[in-house]
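*Asks:*
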Amino acid sequence: LVGKGEDTLFVQLPHSPEDSWSFATTDQGAGYKMYENFWGLTEVITEIDWWGLALINTGTQWIAGNPNNLVFDISFYSDPPDDPTLPPTELVCTYEDVLPAQIIGTGLYYVGFEMYFFDGAELPSPCELTEGWVSVQSKSSGQGDDWLLWASAVTGDGFSYQEGNPDPRYYDQAMIITGGGVADWL
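Residue numbers (my numbering): 43 to 228.
(1) In whole angstroms, give me the CA-to-CA distance for Met76 and Leu133.
(2) Can you look up Pro208 in the DSSP assignment and give me helix, strand or coil?
(3) Return helix, strand or coil for Asn111, following the three-state DSSP convention.
(4) Would you report the Cα separation of Val178 and Gln70, rounded to the nearest angstrom?
(5) If I measure Cβ to Cβ from Thr67 and keep anything under 7 Å in the same chain, skipping five residues before and after, which residues do I get?
(6) Closest to Thr88 by C-alpha separation, out of Trp175, Trp63 and Cys169, would be which residue?
(7) Could you please give the first and the last residue of the uninterrupted beta strand (DSSP E) stretch that includes Thr9?
(8) Taking 6 Å as the limit between beta carbons, can you name the residues of its chain near Asn79, skipping five residues before and five after?
(9) Do Glu173 and Trp81 have their C-beta atoms closer together than 8 Å?
(10) Going by beta carbon distance, what residues of the same chain come within less than 6 Å of Leu150, once the five residues before and after it are set aside?
(11) Given a cut-off of 8 Å on the beta-carbon distance, is the pair Ala195 and Ala216 in contact?
(12) What number of angstroms, rounded off, separates the C-alpha of Phe118 from the C-alpha of Gln204?
(13) Give a yes or no on whether the C-beta atoms belonging to Ser202 and Leu171 are separated by under 8 Å.
(14) In three-state terms, what does DSSP make of Val134?
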């Protein structure tokens, strides 16, 4: 999936089911937003891809959801990417109602639920950042709807941030940031 012929700027691949993994709820209706940091970009951001589960919280258990029901808000922040204790606040670019070009079942199962690759979420306009934070959040009306649970990553710097949770997350989120063209500031 990596190296799709695009300009890959930043990659954090997901944990396998055999690893020590985690999935973080990032959904408007659930009251959680997950942020992951990035650094070292040399081109403008034009697309983001990520891995995760589509689940429904019934209030007593998790059940499989339909990933095709998910719609996303994606936001980029210019806050320094090295402090997991503070939520990102310096919003630079935000995109509402983003749909990935395709959603691919990976064939990998985590406690009985298949992980999906949300591929080709092209941004309507480029975002110019060399480092910062990104949030990917599904939109639901709350309990009983499909939610995104963003997959943890094998690589990264060992932290992310979840709004709605008072403690930093000491794991990274799986994603690919791609770009095209050189930013004006380079």
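Cβ atoms here follow ideal geometry from the backbone N, Cα and C, with glycine treated the same way.
This structure is a prediction, so every number in the text was calculated from the model and none was measured.
*Replies:* Reading from the atomic positions:
(1) 14 Å
(2) coil
(3) helix
(4) 10 Å
(5) The residues are Tyr74, Trp189 and Leu191.
(6) Cys169
(7) There is no way to answer for residue 9, as the model of the chain reaches only from 43 to 228.
(8) Pro123 and Trp175
(9) yes
(10) Pro59 and Met157
(11) Cβ distance < 8 Å, so Ala195 and Ala216 count as in contact.
(12) 15 Å
(13) no
(14) Note: Val134 maps to strand in three-state DSSP.
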